[in-house]
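Residue numbers (the UniProt record's numbering): 1 to 523.
First up is the structure itself, then whatever we jot down about it.
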């Protein structure tokens, strides 16, 4: 067995490398075509220190590879061939030694100095501008409300899992600010007549005005009619819209507030066109929603009811009248709540899903095809739902304890007491008693959301007299009707027209939401 030192092994390795034939990076020059003599003569004429662009030189002499195409590495081929011909290329200046920098791809610029192409602002500049606008008050980001504690798991570098907590707050743009801003923006479209203008109107004009608004009442004297017209012209009715959606992989709750169009308060399109000479859709301007509350929240009532208190704070300020630029006092009334079915159920205190999902009539879902039964299901107001919950001792006690499900988990004895208080004396087994209570409540689960923190209060005491939950959401409710319409329509057309319509429907209508958008556009 033989051994050699490290130095001996290195010497042997280097000797073997020198003996090996290095592979040419450019190939065989005899297989390539170009004006070799002309290139060599030109390069020899260059002085020492000349900066040579080998790629440009190869393009001028049309250096081609063995396939007859222009070589992509023509500059390298030209330099290596000149070396093989004995030309000293080291005497020329190298690119890295040049003072003019590296050759880069030419930037595309517009021709002519009269055209200025703007550059997009960086994120840092945009953030700085936004911060400046927020500090100056130009951009209103609302006020922080209802801090909520959340938990997260963090994977550390050592592989262990750490549990940590953090707080997330919602934001609210107070209702009083929305009311003032809307008045300032849209006052020019309102019938804000001064006292002298209302007083100077003739009786005939007052009667005609009330008649046009379908507000004419028999037996009223002139003073009462003038006063009622003045009140109607200076009253705005507010609507709150609610929905739950996912933003950045987290569920968020949003409330929007808007003012309902009323021809008693606002000009009609034709009237404004006569006055100002402009065609404007006044209703769309007034009913454009404003962001009211946005906050992180799940779909459960427990989470969403956390924002009742901050809504009540805004309702407490509702009697504070807003003042127009001309000094006229404007009254605002909270009138309607709007949203999809889960939103209706949340606001009214109705159960979500199940057999009694309607927040307006409480009809059993299995009997909606029985017209006599449906017509016997009366409209249920929020006051009716409140009284229905508080009618029995357990419903009232648990509601005062701020339970979001006051009838959940009642014992048999408690069920008997609750039913007896409602004049129901049937049922022996617990299951029978539970079914009787469900039928009595017809889906009502708790008091309305705005009364959750104080169930004994009336809607009038929180400035919500006449407040209603609109029991329908058109785009959701007519979804299946739209589907049936599109399925039936081709059968009433000729074969050629039906095939074209089916092709259009297949191409344009991908899902249920698209159908709603399409029918909205058609309407």
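Ideal placement from N, C-alpha and C gives every residue a C-beta, glycine not left out.
Check: Between which two residues does the beta strand (DSSP E) holding residue 295 run?; Outcome: 290–296
Check: Is residue 58 closer than 7 Å to residue 75 when the C-beta atoms are compared?; Outcome: yes
Check: Measuring straight from C-alpha to C-alpha, what distance separates residue 405 and residue 351?; Outcome: 9 Å
Check: Measure the alpha-carbon distance for residue 321 versus residue 265 and round it to whole angstroms.; Outcome: 16 Å
Check: Write down every uninterrupted run of the alpha helix (DSSP H) in the region 191–256 whose length is 4 residues or greater and which is fully enclosed by it, in chain order.; Outcome: 195–200, 203–212 and 222–233
Check: Work out the CA separation of residue 415 and residue 258 for me, nearest whole Å.; Outcome: 43 Å
Check: Please classify residue 314 as buried or exposed, where buried requires at least 16 neighbouring CB atoms within 10 angstroms.; Outcome: buried
Check: Considering Cα atoms alone, identify which of 346, 140 and 325 is closest to residue 445.; Outcome: 346
Check: Does the Cβ of residue 281 have 16 or more other Cβ atoms within 10 Å, making it buried, or fewer, making it exposed?; Outcome: exposed
Check: For the beta strand (DSSP E) that contains residue 155, what are its first and last residues?; Outcome: 143–155
Check: For residue 141, which residues from the same chain have a beta carbon less than 7 Å from its beta carbon, with the 5 sequence-adjacent residues on both sides left out?; Outcome: 134 and 171
Check: Can you check which of these residues, 327, 461, 189 and 500, is closest to residue 274 by C-alpha distance?; Outcome: 189
Check: Just tell me which of 453, 226, 232 and 162 has its CA closest to the CA of residue 310.; Outcome: 453
Check: Residue 417 and residue 393 look like a contact to me (Cβ under 8 Å); what is the Cβ gap, rounded to whole Å?; Outcome: 6 Å
Check: Are at least three pairs of beta-carbons, each pair with one atom in the region 153–160 and one in the region 175–184, less than 8 Å apart?; Outcome: no
Check: Between which two residues does the beta strand (DSSP E) containing residue 164 stretch?; Outcome: 161–172
Check: Considering residue 334, what are the terminal residues of the beta strand (DSSP E) in which it resides?; Outcome: 329–339
Check: Measure from the alpha carbon of residue 262 to the alpha carbon of each residue in 51, 232 and 242, then state which is nearest.; Outcome: 232
Check: Beta-carbon within less than 8 Å of residue 306's beta-carbon, same chain only, minus the 5 sequence neighbours each way: which residues are those?; Outcome: 146, 148 and 297
Check: Which whole-angstrom value is the C-beta distance of residue 117 and residue 130, which I expect to be below 8 Å?; Outcome: Actually they are not in contact, since the Cβ atoms of residue 117 and residue 130 sit about 24 Å apart, beyond 8 Å.
Check: Going by DSSP, what residue range makes up the alpha helix (DSSP H) through residue 284?; Outcome: 282–286
Check: Using the C-alpha atoms, what's the distance from residue 17 back to residue 4?; Outcome: 18 Å
Check: Please state whether DSSP places residue 387 in a helix, a strand or coil.; Outcome: helix
Check: Taking the straight line between their C-alpha atoms, what separation do you get for residue 242 and residue 208?; Outcome: 38 Å
Check: Could you check if residue 464 is buried or exposed, using at least 16 other CB atoms within 10 Å of its CB as the buried criterion?; Outcome: buried
Check: Return the CA-CA distance between residue 341 and residue 421, expressed in angstroms with no decimal places.; Outcome: 31 Å
Check: Between the alpha carbons of residue 98 and residue 168, how many angstroms are there, rounded?; Outcome: Caution applies to residue 98, whose pLDDT of 48 falls short of 50 and renders its modelled position unreliable; the model cannot decide the point.
Check: Measure from the alpha carbon of residue 334 to the alpha carbon of each residue in 460, 136 and 226, then state which is nearest.; Outcome: 460
Check: Tell me which same chain residues have a C-beta within less than 8 Å of the C-beta of residue 317, skipping the five on either side of it?; Outcome: 174, 175 and 176
Check: Whose C-beta lies closer than 8 Å to the C-beta of residue 279 among residues of the same chain, with five residues either side of it excluded?; Outcome: 269 and 273
Check: Which full runs of the alpha helix (DSSP H) of 4+ residues lie inside the region 375–421, going along the chain?; Outcome: 382–390, 393–400 and 412–421
Check: Verify whether the separation of the beta carbon atoms of residue 338 and residue 450 is less than 7 Å.; Outcome: no
Check: Please list, in chain order, all residues of the same chain as residue 489 whose beta carbon is under 7 Å from its beta carbon, the five residues on each side excluded.; Outcome: 501
Check: Buried or exposed for residue 525, going by 16 or more other Cβ atoms inside 10 Å?; Outcome: Outside the modelled stretch of the chain, which goes from 1 to 523, sits residue 525, for which no answer is possible.
Check: Run through DSSP, which three-state label would residue 517 get?; Outcome: For residue 517, the predicted model reports a pLDDT of 45, less than 50, meaning its position is unreliable; a value from the coordinates is still stated below. The answer is helix: DSSP assigns residue 517 an H, G or I state.
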